[in-house]
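Trainee: Got a structure for you, questions after.
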Amino acid sequence: MTAKTLYIKAQKEKHGTLPGTSGRVRCAFFRFSLLFSIIPLFLCLFSACRKSAQLSSEIYAMDTYMELKAYGGEAEDLLEKAEKEIFRLERLFSATSAESELYRLNLSGSGAVSPELAEIISVSLALSRKTGGAFDPSVRPLLRLWGFTEDEFRVPSEAGIAAALERVGAERISADGTEVLLNGCELDLGGIAKGYAADRFAGIAAESLCGGAFANLGGMICAAGTKPGGEPWRVALQSPLGEGYAAVLSVSNVCISTSGAYQRFFESGGKRYHHIIDPSTGFPAESDLLSATVIDESGCFADAVSTALFVMGEDASAKFCRQNGVCAILITEDMRLLCLGGAENFLEEVSGETFTLCIG
Ligand code: ADP
Ligand code: MG
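Residue 137 is where the sequence shown starts when you use the working numbering, and the numbers rise one by one after that.
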């Protein structure tokens, strides 16, 4: 059984939902019987409860389980809109589904695309340039070679890697308005699509009159607004060592993305191979980081840059964050939790027994 199959099995056991389904849980905040018996007395109490009632839903989209939460009167409407939107984005951005717009672009190699696909491609290309190619949306031939696109994992030959590398290089791709020219490359938006979805979730939440909304899109967090009453959201940063958390953050109005080698991998010959590829070598990144987390208002930025920081490793990441004012938390192999760009201001708690807090 592959690591991913094991993961999905564990998630199914935990959540009891099947891929593609959505389960809505209504919190039973209201006691209707009471309302009917002593309506006048409880009218005020009822309206106060309505404001803080929480709805949540779980969906399987973009190859991962996602959890959405919303508070207040328009919560149900918000969750419905958000679910529809995420499934719609999946149909645009999936590199593997033959129904998707990206799939058709990869097949044809060029042409006019929808404004949204054009937008995410041009943002990806800009972030690829900004990160010196560490984030590269054209790594798809390498992902396929290593078996990450179809979950048929294998260690490829050096010659295979060299041949795939010939077809990788975001600088060869051009996007002029909605006209895209791939120039022999193929796109995989797996390192940024969930960030784009997080941005859309924040947009939907901002348009709604609901009292706060939160999404965990398979590790990509969108803490839209605040909790009811203006309280910040508390977000646990998963420990890259396995169970438990490394830190707890207290945030509002931001997206948080974490990239790490522990999320998807296979083992062969006693060595672990994970799904974040170093575009300069064609191999899974030999990072001295266990995970890289970016906190930013933009989900796209947080998602793409967390992937890039993991590829860069500690020294280059720290330099990049200082130069560009990036708010990040790096967890290093020697168990330091290194805060950059003011990330320590979001820390509420650090699992101090395991990790040493450093501010850089
Ligand atoms: P995840 O999506 O697993 O939470 P990331 O945001 O770090 O984690 O994205 C990893 C995904 O991005 C991979 O599954 C793959 O689709 C794609 N990818 C892998 N390496 C790179 C890279 N160097 N640049 C851009 N995308 C990458
Ligand atoms: Mg990413």
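Think of the CB as a built atom: it goes at the ideal place given N, C-alpha and C, for glycine as much as any other residue.
On a predicted model such as this, the values are computed, not experimentally measured, just so you know.
#1: Could you compute how far the alpha carbon of E288 sits from the alpha carbon of G478?
#2: For Y239, which of helix, strand or coil comes out of DSSP?
#3: Throw me the rounded Cβ distance for the L445 and A421 pair, which I believe falls under 8 Å.
#4: Measuring CB to CB, does L325 end up less than 8 Å from I431?
#5: Below 7 Å CB to CB, which residues in the same chain sit around V274 once its five sequence neighbours on both sides are set aside?
#6: Tell me which residues share the same chain as S388 and place their Cβ nearer than 7 Å to its Cβ, disregarding the 5 neighbours each side in the sequence.
#7: Looking at C-alpha atoms only, which residue of L466, A440 and F419 is the closest neighbour of A295?
#8: Determine the DSSP secondary structure at C457, reduced to helix, strand or coil.
#9: By alpha-carbon positions, which one of W282, E469 and E194 ends up nearest to E403?
#10: Could you check what DSSP says for F401 in three-state terms: helix, strand or coil?
#11: Quick one: grab the DSSP three-state call for C494.
#12: Kindly examine ligand 2 and report whether one of its heavy atoms sits closer than 7 Å to the Cβ of D272.
#13: Report yes if the C-beta of G396 is less than 7 Å from at least one heavy atom of ligand 2; otherwise report no.
#14: Buried or exposed: where does G405 fall if 16 or more other Cβ atoms within 10 Å of its Cβ makes it buried?
#15: Against chain D, does G366 count as a neighbour if the rule is that its beta carbon must be under 8 Å from one of theirs?
#16: Name, in chain order, the residues that DSSP records as bridge partners for L385.
#17: Alpha carbon to alpha carbon, what distance is there between E315 and E484?
#18: Taking the Cβ atom as the reference point for each residue, do C346 and G435 lie within a distance shorter than 8 Å?
#19: Going by beta-carbon coordinates alone, are G496 and L473 separated by less than 8 Å?
#20: With distances taken Cα to Cα, identify the nearest neighbour of A440 among L263, Y239 and L191.
#21: Could you spell out the range, first to last residue, of the beta strand (DSSP E) harbouring M471?
#22: Which one or two residues does DSSP pair with S395 in a beta bridge?
#23: So is the beta-carbon of T492 under 7 Å away from any non-hydrogen atom of ligand 2?
#24: Keeping to the same chain, check which residues put their C-beta closer than 6 Å to that of F497; ignore five residues upstream and five downstream.
#25: First and last residue of the alpha helix (DSSP H) that includes S310?
#26: Whose C-beta lies closer than 8 Å to the C-beta of E469 among residues of the same chain, with five residues either side of it excluded?
#27: Would you say the beta carbon of V304 comes nearer than 7 Å to a heavy atom of ligand 1?
#28: Following the continuous alpha helix (DSSP H) through E294, name the residue where it begins and the one where it ends.
#29: Is S393 near ligand 2, going by C-beta to nearest heavy atom under 7 Å?
#30: A351 lies in the beta strand (DSSP E); which residues open and close that run?
#31: In terms of alpha-carbon separation, which member of H411, A231 and L243 lies closest to L317?
#32: With distances taken from CA atoms, which of L279, G366 and Q459 is nearest R400?
#33: Rounded to whole angstroms, what's the CA-CA distance from P415 to M448? Just pull it up for me.
#34: Buried or exposed: which applies to D451, given that a residue is buried once 16 or more other Cβ atoms fall within 10 Å of its Cβ?
#35: With hydrogens ignored, establish whether the beta-carbon of A440 is closer than 7 Å to any heavy atom of ligand 2.
#36: On the CB-based measure, 16 or more other CB atoms within 10 Å of its CB, does G327 come out buried or exposed?
Mentor: Based on what the coordinates show:
#1: Within the sequence shown, the letter at position 152 stands for residue 288. Within the sequence shown, the letter at position 342 stands for residue 478. Cα to Cα, E288 sits roughly 41 Å from G478.
#2: On the sequence shown, position 103 is the one that residue 239 refers to. Y239: helix per DSSP, three-state reduction.
#3: The residue labelled residue 445 in the question sits at position 309 within the sequence shown. The residue labelled residue 421 in the question sits at position 285 within the sequence shown. With a Cβ gap of about 10 Å, L445 and A421 do not count as contacting.
#4: Taking the first residue of the sequence shown as position 1, residue 325 is located at position 189. Taking the first residue of the sequence shown as position 1, residue 431 is located at position 295. Not in contact: L325 and I431 (Cβ atoms no closer than 8 Å).
#5: Indexing the sequence shown from 1 puts residue 274 at position 138. The residue you asked about is not Val; residue 274 is Ser in the sequence shown. Once the five neighbours on either side are set aside, the close Cβ partners of S274 are V304, G305, A306, I309, C321, E322 and L323.
#6: Looking up residue 388 in the sequence shown gives position 252. Counting only Cβ-Cβ distances below 7 Å, and skipping sequence neighbours, we find A359, G361, T362, P368 and W369.
#7: For the purposes of this step, residue 295 is taken as residue 159 along the sequence shown, with counting starting at 1. Looking at the Cα atoms, F419 is the closest of the given residues.
#8: To locate residue 457, count along the sequence shown from 1; it is residue 321. Residue state, collapsed to three classes: helix.
#9: Walking along the sequence shown from the start, residue 403 turns up at place 267. Answer by Cα proximity: W282.
#10: In the sequence shown, counting from the first residue as 1, residue 401 sits at position 265. Here F401 sits in strand by DSSP.
#11: As a working note, residue 494 is residue 358 in the sequence shown. Three-state DSSP puts C494 in a strand.
#12: For this step, residue 272 is matched to residue 136 along the sequence shown. Checking every heavy atom of ligand 2 against the Cβ of D272, none is found closer than 7 Å.
#13: Counting from one through the sequence shown, the residue named residue 396 turns up at place 260. Because no heavy atom of ligand 2 lies under 7 Å away, the Cβ of G396 does not count as near it: no.
#14: Along the sequence shown, read from residue 1 onward, the residue named residue 405 stands at position 269. G405 should be labelled exposed.
#15: Of the protein chains in this structure there is only one, and it is not chain D.
#16: What you label residue 385 is simply residue 249 of the sequence shown in a count that begins at 1. DSSP output for L385 lists V371 and L483 as bridge partner(s).
#17: For the purposes of this step, residue 484 is identified with residue 348 of the sequence shown, where counting begins at 1. For the purposes of this step, residue 315 is identified with residue 179 of the sequence shown, where counting begins at 1. Approximately 46 Å, taken between the alpha carbons.
#18: The sequence position of residue 346 within the sequence shown is 210, counting from 1. The sequence position of residue 435 within the sequence shown is 299, counting from 1. No.
#19: Indexing the sequence shown from 1 puts residue 496 at position 360. Indexing the sequence shown from 1 puts residue 473 at position 337. Their beta carbons are not under 8 Å apart, which means G496 does not touch L473 by this criterion.
#20: As a working mapping, residue 440 is identified with position 304 in the sequence shown. For A440, the nearest C-alpha among the options comes from L263.
#21: By one-based count along the sequence shown, residue 471 stands at place 335. Per DSSP, M471 belongs to no beta strand (DSSP E) and is neither H nor E.
#22: As a working mapping, residue 395 is identified with position 259 in the sequence shown. Note: S395 sits in a beta bridge opposite A428.
#23: Numbered from its first residue, the sequence shown carries residue 492 at position 356. For ligand 2, not one heavy atom lies less than 7 Å from the Cβ of T492.
#24: It is not possible to answer for residue 497, since the shown part of the chain is limited to 137 through 496.
#25: As a first step, residue 310 must be located in the sequence shown, where it is residue number 174. Where S310 is concerned, there is no enclosing alpha helix (DSSP H), although the beta strand (DSSP E) it sits in stretches over S310 to D312.
#26: What you label residue 469 is simply residue 333 of the sequence shown in a count that begins at 1. Answer for E469: D424, L425 and L426, listed in chain order.
#27: Reading the sequence shown from its first residue, position 168 is the one you call residue 304. Outside the cutoff, so no.
#28: Residue mapping note: residue 294 aligns to position 158 of the sequence shown, counting from 1. Segment E294 to L301, the alpha helix (DSSP H) holding E294.
#29: For the purposes of this step, residue 393 is taken as the residue at position 257 of the sequence shown. Flag set: Cβ of S393 near ligand 2.
#30: Counting from one through the sequence shown, the residue named residue 351 turns up at place 215. Counting along the chain, the beta strand (DSSP E) containing A351 begins and ends at A349 to L353.
#31: The residue given as residue 317 occupies position 181 in the sequence shown. It is L243 whose Cα lies nearest to the Cα of L317.
#32: Residue mapping note: residue 400 aligns to position 264 of the sequence shown, counting from 1. The residue with the shortest Cα to Cα distance from R400 is L279.
#33: The residue you call residue 415 lines up with position 279 of the sequence shown. The residue you call residue 448 lines up with position 312 of the sequence shown. Whole-angstrom Cα-Cα distance: 11 Å.
#34: In the sequence shown, residue 451 corresponds to position 315, counting from 1. Burial call: exposed.
#35: The sequence position of residue 440 within the sequence shown is 304, counting from 1. For ligand 2, at least one heavy atom lies less than 7 Å from the Cβ of A440.
#36: By one-based count along the sequence shown, residue 327 stands at place 191. Flag for G327 reads buried.
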